[in-house]
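Visitor: Be aware that the sequence shown starts at 1, since it is given in UniProt numbering, and climbs by one per residue. Glycine included, C-beta positions come from ideal geometry on N, C-alpha and C. Supplied in structure tokens, the structure appears directly below.
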Amino acid sequence: MFFIFGIKTKLVGKEDRKVLKNGFMANAIVSVYKNYFELFFIPIFPFSKKYSIYIPHSDEYYETGFGSSNMPKEYLELCKEVGRNY
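As structure tokens, then:
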């Protein structure tokens, strides 16, 4: 039998939040991704979440996951709070 399987990352949610940056409140765009195991290009089940945050005011971008930069702890907590909704 011939099976096609793999891992797919899918955007499940995006929200704007306020963060404290250098003493000022700045807008941040928080994105939540889910990694899915797929079979024949159909997502079967999710097995992990991945977060990213972008702060346009200071042009900073952080993300979690394999081979990514280290996200500050306060931003990671904000991302996990947003991720509970998805």
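1. In angstroms with no decimal places, state the Cα-to-Cα distance between valine 19 and phenylalanine 47.
2. Is threonine 9 buried or exposed, if buried means 16 or more other CB atoms sit within 10 Å of its CB?
3. For the alpha helix (DSSP H) that contains glycine 83, what are its first and last residues?
4. So phenylalanine 41 and isoleucine 4 are supposed to be a Cβ contact under 8 Å. How far apart are they, rounded?
5. Residues in its own chain within less than 8 Å of isoleucine 44 by CB, not counting five upstream and five downstream?
6. Considering only the beta carbon of each residue, do valine 82 and valine 12 sit closer than 8 Å?
Guide: For this structure:
1. Working through the sequence shown from its first residue, we reach residue 19 at position 19. Working through the sequence shown from its first residue, we reach residue 47 at position 47. So the two alpha carbons sit approximately 29 Å from each other.
2. Sequence index remark: in the sequence shown, residue 9 carries index 9 (1-based). Burial call: exposed.
3. Your numbering for residue 83 matches position 83 in the sequence shown. 73-83 is the span of the alpha helix (DSSP H), which, as asked, contains glycine 83.
4. Residue numbering aside, residue 41 sits at position 41 when the sequence shown is read from its first letter. Residue numbering aside, residue 4 sits at position 4 when the sequence shown is read from its first letter. Indeed they touch by this definition, with Cβ atoms about 7 Å apart.
5. As a first step, residue 44 is located in the sequence shown; it is residue number 44 there, counting from the start. Correct list, in chain order: Tyr36, Phe37, Glu38.
6. Mapped onto the sequence shown, residue 82 falls at position 82. Mapped onto the sequence shown, residue 12 falls at position 12. Not in contact: valine 82 and valine 12 (Cβ atoms no closer than 8 Å).
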